[in-house]
Every structure is written in structure tokens, then in C-alpha cells.
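For the protein sequence lines, the chains are A and B, in the order given. Quick note, the first sequence lines up with residues 1 to 244 if you use this note's numbering. Quick note, the second sequence lines up with residues 1 to 244 if you use this note's numbering. Notes follow the structure.
Protein chains: 2
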Amino acid sequence: MHYQLYYWPGIQGRGEFVRLALEAGRAKYADVARQSQRSGGGVPALLRGMDDASLKRPPFAPPYLRAGRVLIAQTANILQFLGPRLKLAPADEAGRLWAHQLQLTVSDFVGEAHDVHHPIAVSLYYRQQKAEARRRARHFTGERIPKFLGYFERVLQANRRGRAYMIGNAPTYVDLSMFQIVAGLRYAFPRTMRRLEPDFPALVALHERVRELPNVAAYLASDRRIAFNEDGIFRHYPELDTSR
Amino acid sequence: MHYQLYYWPGIQGRGEFVRLALEAGRAKYADVARQSQRSGGGVPALLRGMDDASLKRPPFAPPYLRAGRVLIAQTANILQFLGPRLKLAPADEAGRLWAHQLQLTVSDFVGEAHDVHHPIAVSLYYRQQKAEARRRARHFTGERIPKFLGYFERVLQANRRGRAYMIGNAPTYVDLSMFQIVAGLRYAFPRTMRRLEPDFPALVALHERVRELPNVAAYLASDRRIAFNEDGIFRHYPELDTSR
Numbered sequence: 001m002h003y004q005l006y007y008w009p010g011i012q013g014r015g016e017f018v019r020l021a022l023e024a025g026r027a028k029y030a031d032v033a034r035q036s037q038r039s040g041g042g043v044p045a046l047l048r049g050m051d052d053a054s055l056k057r058p059p060f061a062p063p064y065l066r067a068g069r070v071l072i073a074q075t076a077n078i079l080q081f082l083g084p085r086l087k088l089a090p091a092d093e094a095g096r097l098w099a100h101q102l103q104l105t106v107s108d109f110v111g112e113a114h115d116v117h118h119p120i121a122v123s124l125y126y127r128q129q130k131a132e133a134r135r136r137a138r139h140f141t142g143e144r145i146p147k148f149l150g151y152f153e154r155v156l157q158a159n160r161r162g163r164a165y166m167i168g169n170a171p172t173y174v175d176l177s178m179f180q181i182v183a184g185l186r187y188a189f190p191r192t193m194r195r196l197e198p199d200f201p202a203l204v205a206l207h208e209r210v211r212e213l214p215n216v217a218a219y220l221a222s223d224r225r226i227a228f229n230e231d232g233i234f235r236h237y238p239e240l241d242t243s244r
Numbered sequence: 001m002h003y004q005l006y007y008w009p010g011i012q013g014r015g016e017f018v019r020l021a022l023e024a025g026r027a028k029y030a031d032v033a034r035q036s037q038r039s040g041g042g043v044p045a046l047l048r049g050m051d052d053a054s055l056k057r058p059p060f061a062p063p064y065l066r067a068g069r070v071l072i073a074q075t076a077n078i079l080q081f082l083g084p085r086l087k088l089a090p091a092d093e094a095g096r097l098w099a100h101q102l103q104l105t106v107s108d109f110v111g112e113a114h115d116v117h118h119p120i121a122v123s124l125y126y127r128q129q130k131a132e133a134r135r136r137a138r139h140f141t142g143e144r145i146p147k148f149l150g151y152f153e154r155v156l157q158a159n160r161r162g163r164a165y166m167i168g169n170a171p172t173y174v175d176l177s178m179f180q181i182v183a184g185l186r187y188a189f190p191r192t193m194r195r196l197e198p199d200f201p202a203l204v205a206l207h208e209r210v211r212e213l214p215n216v217a218a219y220l221a222s223d224r225r226i227a228f229n230e231d232g233i234f235r236h237y238p239e240l241d242t243s244r
């Protein structure tokens, strides 16, 4: 199967969770909006794929994935679809539900990480909601990061097959997402993470383990990996990296 | 199968999407935290089910569902699990992915509806973030409700099997969630909804159609249906029901 991923070309954002799975699973795929408009790519292709009035099952927002005749949106849903196909999900139904459950908790966390810099409206710039962002950030760094990372650490520690991965003893798309969350938080909130990381030793070790998986390492070293920046989900605004 | 649902006993909240499915599908279930503590219910039972250190696959937050030996959390994941078992989901894999994709978009919308009254932190009361809530509400009522309802209306209009339901020609859990969203928005934002509803005729008709399904109608008339209130997701604060 040859996949087409549709996501904003200048950011990691939510699409990165899918890119990591495609790369770790050595899938053949095109990152459509990063290809030239002349070859049918670019942002116009991304928008066309959502706005096309003839679509019976339109995506609400990027990322979305084309797999033959199937068009799938919602990050966690895409990963649920790709997981078994790329050997990045447990084999049994209960294991797959569990992987998806964890991924939906990742989605919740990513939504909160986004709203730290956009607490009022996505239609406004950060600078237009800076006062509210500062206030929200204190709660995010003080309460929410510890709560979510504490939960993921607990899951990792409770994995009876060892603490190498979140589920069983082989990497799944959930581990890739854990890597991305630690990487994103370190970029956006370095002071907070320096303070918090000692509390989450298994998660920090997992980040390292995933980073060194050969397919992941090759991807991270390539120009396919977009650098973190202040248009994405994880943004480094020093004034929001408040640490008590 | 006899199910145990675990959710906060005093609110509809996210649990209501699951309650509606259990009721519409005539499932045998216990709403555990609404039962007496003497009989092993109440909020202590809800908290025990998450905090139990021996759990290998702990929920992050309510709602969660026990189905025999399986413990499942995350609203959309619970519905994905229940859908086929209660005959409230399409039969084919592509249809199920599509139903789940829509449900995840419902989850996104519900998250935004919550954050209207809690734009800064869940750990603060509404009255402690009222100024920010007012500002966020203007964007929610002016931009976000129209965007999400417009999308759901488009999906309904595009359903080639007729516009009676979101998918195919029989009700699924997604239709139940559409009912709940319209009902919740009418409760929380009556002025805004009076202004907007003419733009979403198919969705308004769907709300009515679902409300009259015999199992749903019986549930809504029973004392099992908790009334909307200001502890849930959809809260009526007149000062947030700003309509331009």
C-alpha cells in the first residue's frame, strides 16, 4: 500500500504522530502538502481534499490519510488504522483498544499543550491572548504536565512485560507518541522539564529508546523531520515556561 | 453481557454519550457511582477503579466501562467498543472508522464546549476565570459552534442513503451524540441557538428524530436522565451566551 498523508507542510503539529508511525513502519508514503504545487501538492492540495463538495466522508481538519479508496481523519483514528498494518500495534483486540485508549489520552494532552498558547481562540494570534496564556501556562506546567506524565509513567511501570515499552515488549505507535511528547515538552518548556524529569525516569528512558530505533533515528536525521517552531503545537515562549 | 459504567453521578458530562448508547441499545448496565455506597457504588467506587495500584491498564479519567474482564476508558473508545455489540455501528470496517472519526470530532467539540467556562484551568472555579470565559465565549458562539455544526450538517446532507441519520439508514451512536450536542447547546446557549438553528435544518431534524426513538424517549422520561446543570459540560451562564 502507498499512503498519502495530508498535513500542514511547515510544522510537526498533530501530523507528526502519523509521520513517526509511517517512518518507523517503513511505509511508502507521500507527504502531499510538502510536495510542489506543480506536481499536485502543496497547501492547495491539502485544502482541496477537505473542501471538495463531492466528498461523502469529508475530514473536519488535517491530518488526514488516503489509503487507496479509504480517506481517514483524526490523528488517533489514523494511527489505529495504520497500527496493525505497520506492525506497530498489539495483535489482540483488547491490546488494540488499550493502545487506542492511551493514544486518545495523548490527543487530550496535545490539545491542552496547544491551548496553552491559544487559551481564547484559534482565530487569534498568540500575541493577542498573551495575558491569558501566561495564566493558563502556570496551571499547565504546575498541574497538567505532571498529571499526564505521571499517568504515562505509571502505565510504563505497570507493564508486566518489562518497562521497555508502553505495551507488551515491542514498540507500538503509542511509544512513538511518547517520544514526541517528551521531545515537544523539552523544546517548549525546557526549564519545567529540567525540574520534572527526575520524577519520570521510565518515560525519559523510553524517549531515548525510541529515538535510537534505526528507522526513527534515520528519519530524525533526515530533512523530512521538520524542526520545532512557533507555528506548531509545542512552541517555545520563554514567558510561558514558568517553573515553581 | 452486563456492563458497569463508571462516571460522575451528578452530571451528564462525557458519560452521557455512553449512557445514551447503553439505553438506546437496551443494554443491561449499572451506573455504578449512582448506586449507594452501601451496595459498593458511589464516588468512592469510581475513584477506586482508577487509583487501584494493581491495575495494569488504568483509566486516566472517567468515564470508563467494565465489560467482563475488559476495562475501557475514553468516551469515543467506549462507544467504538459498544457500537457493534449494541447494533449502533455500521457493519463494515470503513463504516466503523468513519463513525469513530465523527465521534472523535464530537470529542473535540465537547472539549471546546467545556473550555468555554474553563479557559484557564480545570482546577479553578468558573468564577475565578470569568473574564477569560467571556472572551472565549464570543469566539465559541461566533465561530466554533457554526464551524462544527456546519460540518455535521454537511455530513448529514451528503449521506447518500438519505438524510435521516449520519451514516447509512439506521441510527448509530454518532446520531445519539448529535442529539446530545444539540440538546446541550440549546440548554447552554439558547440565544445563540435560536439565531443559528435555521442554518442547520438537517441536524435539528435529526435531534428530533433521535429524541423520539422509543428507547431514547423512555430514557429521557426516566429519572436515569440527569438534568443539565452548572457542574457539567454544557452550562447555562447567560453572560456567555453572547450572540452577534
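Note that beta-carbon positions come from the ideal geometry of N, C-alpha and C, so glycine has one too. Note that the structure is a prediction, hence the values are computed from the model and not measured.
The beta strand (DSSP E) with residue i in it runs from where to where?
i                      : result
residue 161 of chain B : Here residue 161 of chain B belongs to no beta strand (DSSP E), and DSSP marks it neither H nor E.
residue 4 of chain A   : 2-6
According to DSSP, residue i sits in a beta bridge with which residue or residues?
i                     : result
residue 56 of chain A : DSSP, once it has assigned bridges, lists no residue as partnering residue 56 of chain A.
residue 70 of chain B : B/67
For residue i, collect the residues of the same chain with a Cβ closer than 6 Å to its Cβ; drop the 5 residues on either side in sequence, then sort them by chain order.
i                      : result
residue 206 of chain B : 178
residue 200 of chain B : 149, 153
residue 117 of chain A : 126, 133, 235
residue 171 of chain B : 165
residue 212 of chain A : none
residue 34 of chain A  : 9
residue 32 of chain B  : 4, 6, 41, 45
residue 29 of chain A  : 3, 5, 22
residue 173 of chain A : 21, 79, 83, 88
Residue i touches chain B at which residues, Cβ-Cβ below 8 Å?
i                      : result
residue 151 of chain A : 58, 60
residue 123 of chain A : 139, 143
residue 226 of chain A : Within 8 Å Cβ-Cβ: nothing; residue 226 of chain A doesn't reach chain B, min ~23 Å.
residue 120 of chain A : 119, 132, 135, 136, 139
residue 26 of chain A  : Those within 8 Å of residue 26 of chain A in chain B number zero; the least Cβ separation is about 23 Å.
Provide the residue span of the alpha helix (DSSP H) that contains residue i, from first to last.
i                      : result
residue 20 of chain B  : 15-24
residue 30 of chain A  : Unbroken run through residue 30 of chain A is the beta strand (DSSP E), 28-31; no alpha helix (DSSP H).
residue 250 of chain B : With chain B covering only 1 through 244, there is no way to say anything about residue 250 of chain B.
residue 131 of chain A : 130-139
residue 117 of chain A : 93-117
residue 179 of chain A : 173-188
residue 85 of chain B  : 75-85
residue 61 of chain A  : It is not in any alpha helix (DSSP H) - residue 61 of chain A carries neither H nor E in the DSSP assignment.
residue 51 of chain A  : 42-51
residue 215 of chain A : 214-221
Note down, in chain order, every chain B residue with its Cβ under 7 Å from the Cβ of residue i.
i                      : result
residue 101 of chain A : 72, 73, 74, 77
residue 97 of chain A  : 72, 77, 81
residue 94 of chain A  : 70
Counting only the same chain and skipping the five closest in sequence on each side, list residues whose C-beta sits under 7 Å from that of residue i.
i                      : result
residue 180 of chain B : 16, 17, 20
residue 110 of chain A : 14, 233
residue 203 of chain B : 149, 152, 153, 156, 178, 182
residue 37 of chain A  : 44
residue 106 of chain A : 177, 181
residue 86 of chain B  : 21, 25, 27
residue 209 of chain B : 164
Whose CA, out of the options, lies closest to the CA of residue i?
i                      : options                    : result
residue 114 of chain A : A/138, A/176, A/232        : A/232
residue 108 of chain B : A/88, A/40, A/75, A/86     : A/75
residue 161 of chain B : A/132, A/166, A/120, A/56  : A/56
residue 192 of chain A : A/143, A/213, A/158, A/212 : A/143
residue 216 of chain A : A/4, A/6, A/26, A/8        : A/26
residue 97 of chain B  : A/41, A/158, A/67, A/140   : A/67
residue 137 of chain B : A/241, A/121, A/176        : A/121
residue 112 of chain B : B/22, B/239, B/184         : B/184
residue 145 of chain A : A/81, A/23, A/197          : A/197
residue 70 of chain A  : A/220, A/214, A/195, A/2   : A/2
residue 159 of chain B : A/39, A/47, A/54           : A/54
Can you name, in chain order, every residue of its own chain whose Cβ lies under 8 Å from the Cβ of residue i, other than the five neighbours on each side?
i                      : result
residue 10 of chain A  : 226, 229, 231
residue 61 of chain B  : 50, 73
residue 315 of chain A : For chain A, the structure presents residues 1 to 244; residue 315 of chain A sits outside this window and is missing.
residue 52 of chain B  : 58
residue 241 of chain A : 137, 141, 188, 189, 190, 191, 192
Since residue i meets chain A, which of its residues come closer than 9 Å, beta carbon to beta carbon?
i                     : result
residue 51 of chain B : Near residue 51 of chain B there are no residues of chain A at all, since even the closest Cβ is about 10 Å away, more than 9 Å.
residue 31 of chain B : Result: empty, since nearest Cβ-Cβ is about 21 Å, beyond 9 Å.
In chain A, which residues lie less than 7 Å from residue i when you measure between Cβ atoms?
i                      : result
residue 104 of chain B : 74, 76, 77
residue 111 of chain B : 111
residue 231 of chain B : Going along chain A, no residue has its Cβ under 7 Å from residue 231 of chain B, so there is no contact; the nearest lies around 20 Å.
For residue i, return the contacting residues in chain B, with the cut-off set at a CB-CB distance below 9 Å.
i                      : result
residue 158 of chain A : 53, 54, 55, 56, 57, 58
In chain A, what lies closer than 8 Å to residue i by C-beta?
i                      : result
residue 252 of chain B : For residue 252 of chain B there is no data in the structure shown, the boundaries of chain B being 1 and 244.
residue 199 of chain B : Residues of chain A passing the Cβ test: none, with the nearest at roughly 17 Å.
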